[in-house]
Amino acid sequence: MKPVIALVGRPNVGKSTLFNRLTQTRDAIVADFAGLTRDRHYGNGRQGKHEFIVIDTGGFEPDAGSGIFKEMAKQTRQAVAEADVVVFVVDAREGLSAQDHEIAKELRRLGKPTVLVANKAEGMKDGTRLVDFYELGLGDVHGVSAAHGQGIRDLVELALEPLNLPDPDDELEDDDVNKPIKLAVAGRPNVGKSTLINTWLGEERLVAFDMPGTTRDAITVPFERNGQHFELIDTAGLRRKGKVFEAIEKFSVVKTLQAIESANVVLLLLDATQGVTDQDAHIAGYILESGRAVVIAVNKWDAVDSYQREQVQRQIETRLPFLKFAAMHFISAIKRQGLGPVWQAIAQAHKSATRKMSTPVLTRLLLEAVQFQSPQRAGMFRPKMRYAHQGGMNPPVIVIHGNSLEHVTDSYKRFLEGRFRKEFDLVGTPMRIEFKTST
Ligand code: GDP
Ligand code: GDP
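Residues in the sequence shown are numbered from 1 upward in steps of one, following UniProt numbering.
Structure representation (structure tokens):
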């Protein structure tokens with residue numbers, strides 16, 4: 001599971017700036033982003049081999065009396081509780097404040113690994129004013145400049161170090177076809193996640209319940225269906241009680257993100273009686289960003305009439321246009337209707353996401369596509385495509401090599417995506433196309 005870093009500190013110390021710095025680099029997914037609402041408080045970051053989730057907390061106002069401040073403090077506490085590491089940001093220019101002391105006290109009480117960071121330290125001689133911050137009793141203080149990108153790499157390294165993360169290269173997928181498909185059922189509270197999962201688990205053979213090895217491991221339930229092994233990942237808002245899943249009230253974005261990230265395929269569950277809500281769109285956005293394969297299932301189909309059905313279908317098209325690569329199914333978890341095709345769609349999405357594409361075949365398809373329609377000239381430059389190879393799986397990444405490829409338009413990229421999707425029968429997975437220009 002990706003580790004979670006929470007940024008905590010009083011307002012104006014530069015948390016948002018740091019957040020943007022940590023989350024900016026992310027390969028764009030080939031997809032139509034229109035209609036995608038983003039929650040600016042959660043983001044993905046990557047440094048070297050390690051990926052992580054960053055939470056930007058609005059601003060910590062300890063013991064803030066009431067109303068919005070109290071809510072902010074509550075949310076910050078929740079973020080800290082969900083985080084693996086806290087990055088406590090203070091202002092190197094303003095120096096230590098009473099509020100910093102209060103926050104430090106709270107953080108010591110919460111007992112999470114904490115990295116103390118003095119921001120806005122650009123151009124300051126090391127140690128000039130930073131020594132004051134040792135008073136906070138949180139160990140070393142590290143000067144950084146979020147605005148100028150100084151000290152950020154070291155900061156991430158320090159934050160991730162205590163977690164002893166395994167080298168992601170050791171976890172690379174092998175060729176074992178019997179490897180279970182990791183499946184997450186994501187959706188907001190009350191869409192019917194636990195009902196669906198309990199229906200499934202009642203029907204299928206449960207292999208055995210496992211116990212998490214460490215607290216950072218995802219809890220999974222292995223089961224088998226038609227000879228295919230699955231691992232169901234505990235999702236936000238669900239808790240296992242004995243042999244059944246139970247809905248819990250609190251919805252956690254971090255748990256949703258982690259479950260999505262740990263999955264190969266995500267089943268996005270919607271509620272036909274409610275249509276597509278903002279929260280649904282958020283979750284859909286996270287799935288898209290994660291690059292995971294996705295199947296959409298609209299539940300409670302039994303409880304809506306034909307007019308409502310049409311409304312829901314239209315809403316999905318307009319509010320979730322960026323998931324149009326995903327198969328959509330209408331089901332009733334309670335009445336056990338429509339569940340078979342969902343399994344087929346999950347298997348299909350997984351197959352697409354883990355599809356192997358050889359360099360000669362990719363290159364042939366690329367050159368055929370170019371012959372059918374060549375990329376537009378941009379001023380003096382005409383992009384020239386030479387060959388393509390596969391750069392990754394789940395999601396599939398196709399890397400195209402050539403010259404002047406930085407001038408390839410988005411619409412041409414979409415044209416290529418369409419050709420590749422058709423040829424390789426890629427359904428239910430996002431895909432990425434990257435260009436490498438040789439000079
Ligand atoms: P937040 O309220 O903690 O999220 O703080 P913001 O990220 O909104 O930043 C508050 C102010 O500090 C803004 O005016 C930023 O431009 C400025 N700021 C952020 N990082 C730095 C930095 O590294 N150096 C300097 N000099 N200013 C910064
Ligand atoms: P969760 O919070 O996503 O786990 O949702 P639950 O599984 O707890 O279901 C929320 C409510 O929706 C419960 O009252 C269920 O009985 C109801 N529900 C779940 N599936 C269906 C369905 O297929 N049809 C109808 N009409 N109601 C359903």
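Positions of the beta carbon are idealized from the N, C-alpha and C atoms, including for glycine.
Fill in: Closest residue to residue 277 among 122, 316 and 255 (Cα-Cα distance)
316
Fill in: Element boundaries [alpha helix (DSSP H), containing residue 346]
For residue 346, the enclosing alpha helix (DSSP H) starts and ends at 339-353.
Fill in: Residue range of the unbroken beta strand (DSSP E) whose run includes residue 7
4-8
Fill in: Sequence-distant residues of the same chain with beta carbon closer than 8 Å to residue 348, five excluded per side
Hits under 8 Å: 327, 427 and 428.
Worksheet entry | Residue(s) in a DSSP beta bridge with residue 387 | Per DSSP, 401.
Practice prompt. Please report how far the alpha carbon of residue 40 lies from the alpha carbon of residue 438, in whole angstroms.
Written response: Only weak support is given to the placement of residue 40: the predicted model assigns it a pLDDT of 47, under 50, and the value that follows is read from those uncertain coordinates. About 35 Å.
Discussion item. Quick check: what's the CA-CA separation for residue 50 versus residue 157?
Written reply: Spanning the two alpha carbons is a distance of roughly 10 Å.
Worksheet entry | residue 208 to residue 221 span [Cα, whole Å] | Note on residue 208: pLDDT 44, under 50, position unreliable in the model; no value is reported.
Item to complete: Can you say whether residue 42 is buried or exposed, counting buried as having 16 or more other CB atoms within 10 angstroms of its CB?
Response: Answer is buried; the Cβ neighbour count reaches 16.
Worksheet item: Mind checking whether residue 390 and residue 416 have CB atoms under 8 Å apart?
Response: no
Worksheet item: Does the beta-carbon of residue 57 have 16 or more other beta-carbons within 10 angstroms, so that it is buried, or is it exposed?
Response: Buried, because 16 or more other Cβ atoms sit within 10 Å of the Cβ of residue 57.
Worksheet item: What distance in whole Å lies between the Cβ atoms of residue 130 and residue 104, which are believed to be in contact at a cut-off of 8 Å?
Response: Between residue 130 and residue 104 the Cβ distance is about 15 Å, and since that is not below 8 Å, they are no contact.
Practice prompt. Decide if residue 305 is buried, meaning its Cβ has at least 16 other Cβ atoms within 10 Å, or exposed.
Written response: exposed
Worksheet entry | residue 122 - DSSP class collapsed to helix/strand/coil | coil
Worksheet item: If residue 181 and residue 230 are in contact, beta carbons under 8 Å, what's the gap, nearest whole angstrom?
Response: 5 Å
Discussion item. Let me confirm a value: residue 32 is counted as buried when at least 16 other C-beta atoms fall within 10 Å, else exposed. Which label applies?
Written reply: Bear in mind that the predicted position of residue 32 carries a pLDDT of just 38, short of 50, making it unreliable; the figure below should be weighed with that in mind. Burial call: exposed.
Fill in: Among 408, 340 and 342, the one whose alpha carbon lies nearest that of residue 373
408
Worksheet item: Count the other CB atoms within 10 Å of the CB of residue 352; is the residue buried (16 or more) or exposed (fewer)?
Response: Residue environment: residue 352 is assigned as buried (16 or more neighbouring CB atoms within 10 Å of its CB, all protein chains considered).
Worksheet item: In or out: residue 114 buried (at least 16 other Cβ within 10 Å) or exposed?
Response: Buried: at least 16 other Cβ atoms inside 10 Å.
Worksheet item: Just how far apart, CA to CA, sit residue 301 and residue 272?
Response: 6 Å
Discussion item. Helix, strand or coil, according to DSSP, for residue 154 in the structure here?
Written reply: helix
Worksheet entry | For residue 360, the residue or residues it bridges with in DSSP | Paired residues: none, contrary to the question.
Item to complete: Assign residue 94 to one of three DSSP states: helix, strand, or coil.
Response: Note: residue 94 maps to coil in three-state DSSP.
Worksheet entry | For residue 46, the residue or residues it bridges with in DSSP | 51
Worksheet item: Do the region 2-20 and the region 78-91 make contact, defined as three or more Cβ pairs closer than 8 Å?
Response: yes
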